[in-house]
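Here's the structure, in structure tokens; my notes come after.
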Amino acid sequence: MRLTTMTQVTVDGVMQGNGGASDEDRRNGFERGGWALGLGDSETMTVINRTYERADAFLFGRRTYELFAGYWGAEERARVAAEDPGHHQIAAALNSKPKYVASTTLSRPRWANTTVLSGDLAAAIGELKAEQPGELQVHGSGVLVRWLLDNDLVDEMTLLIVPVVLGQGERLFAESGRDLALDLVESRADSNGVTMQVYRPAGRPQYGR
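Numbering that gives the first Met the number 0 puts the sequence shown at residues 0 to 208.
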């Protein structure tokens with residue numbers, strides 16, 4: 000499997016609380032949730048829907064898994080489809096395909112077709128990548144994405160950059176951490192200014208002397 004990630008971020012790199020509910024994630028006093036709501040145009044939504052549809056399996060960190068299970072899980076599927084038909088493809092993909100969650104605390108996942116990876120995570124993901132065909136997708140899950148990059152497990156990374164600066168909130172990349180060079184393989188901007196950048200990790204950056 001190829002392991003790919005897709006993350007919505009602001010121009011200043013914040014990924015916290017991007018969803019429709021302003022109180023989705025109030026950690027550390029965050030008060031500016033819902034910043035991505037309605038900003039992508041129809042073409043961007045088509046790209047997002049098709050991304051979910053082509054997945055063969057999904058991998059989540061625990062926090063994102065629980066958010067997704069509550070909103071996209073089978074018990075909510077009918078409500079989501081009725082309230083927002085444009086997202087029906089996402090619900091269908093998430094509920095029909097295998098899901099893996101990296102967690103040492105989750106023991107009884109409530110979303111069907113979920114496997115908890117709680118042991119040697121690098122080995123477990125390495126086995127998935129080596130033994131199964133297709134695409135293993137990670138959505139959100141900032142802590143997990145950083146760990147995957149640190150362990151050279153990411154094959155492709157998509158950033159959906161929303162044209163807003165928040166000035167607070169958890170960022171995709173910490174203030175200090177591993178350095179990483181990236182090859183840009185695709186770039187597009189929609190009519191609302193949301194840009195999509197697709198990168199492949201390319202080792203360490205080159206620095207001037």
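Idealized CB from N, CA, C, for every residue including glycine. Note that the structure is a prediction, hence the values are computed from the model and not measured.
Where residue i sits in the DSSP three-state scheme
i: serine 140; result: coil
i: tyrosine 206; result: coil
i: glycine 28; result: helix
i: methionine 0; result: coil
i: glutamine 196; result: strand
i: leucine 171; result: coil
i: serine 117; result: coil
i: leucine 38; result: coil
i: aspartate 182; result: strand
i: leucine 147; result: helix
i: leucine 159; result: strand
i: leucine 127; result: helix
i: valine 153; result: coil
Selection from the options that minimises the alpha carbon distance to residue i
i: isoleucine 89; options: Glu169, Thr50, Arg26; result: Thr50
i: aspartate 151; options: Phe57, Gly28, Arg203; result: Arg203
i: glycine 139; options: Thr194, Val8, Leu120; result: Val8
i: phenylalanine 67; options: Ala111, Ala121, Ser41; result: Ala111
i: alanine 188; options: Val161, Tyr198, Leu2, Thr3; result: Val161
i: arginine 53; options: Phe29, Phe59, Ala101, Leu2; result: Leu2
i: valine 142; options: Glu30, Ala123, Val100; result: Val100
i: valine 46; options: Asp119, Leu159, Glu65; result: Leu159
i: alanine 173; options: Ser190, Val144, Pro200, Gly125; result: Val144
With 16 other Cβ atoms within 10 Å as the buried cut-off, status of residue i
i: leucine 183; result: exposed
i: asparagine 17; result: buried
i: alanine 92; result: buried
i: leucine 36; result: exposed
i: valine 153; result: buried
i: valine 10; result: exposed
i: glycine 176; result: exposed
i: glycine 39; result: buried
i: tyrosine 206; result: exposed
i: threonine 157; result: buried
i: glycine 133; result: exposed
i: tyrosine 198; result: buried
i: serine 102; result: buried
i: threonine 104; result: exposed
i: glycine 168; result: buried
Residue interval of the beta strand (DSSP E) (run including residue i)
i: valine 164; result: Per DSSP, valine 164 belongs to no beta strand (DSSP E) and is neither H nor E.
i: alanine 68; result: That residue, alanine 68, is in no beta strand (DSSP E); its alpha helix (DSSP H) goes 61–71.
Separation of residue j from residue i, as counted between CA atoms
i: glycine 33; j: glutamine 131; result: 36 Å
i: tyrosine 70; j: leucine 179; result: 33 Å
i: valine 115; j: arginine 61; result: 9 Å
i: threonine 194; j: methionine 44; result: 12 Å
i: tryptophan 146; j: methionine 5; result: 15 Å
i: valine 13; j: glutamine 196; result: 16 Å
i: valine 164; j: glycine 192; result: 13 Å
i: glutamate 30; j: proline 200; result: 33 Å
i: serine 95; j: lysine 128; result: 20 Å
i: serine 190; j: asparagine 48; result: 18 Å
Residue range of the unbroken alpha helix (DSSP H) whose run includes residue i
i: threonine 103; result: Per DSSP, threonine 103 belongs to no alpha helix (DSSP H) and is neither H nor E.
i: leucine 93; result: 87–95
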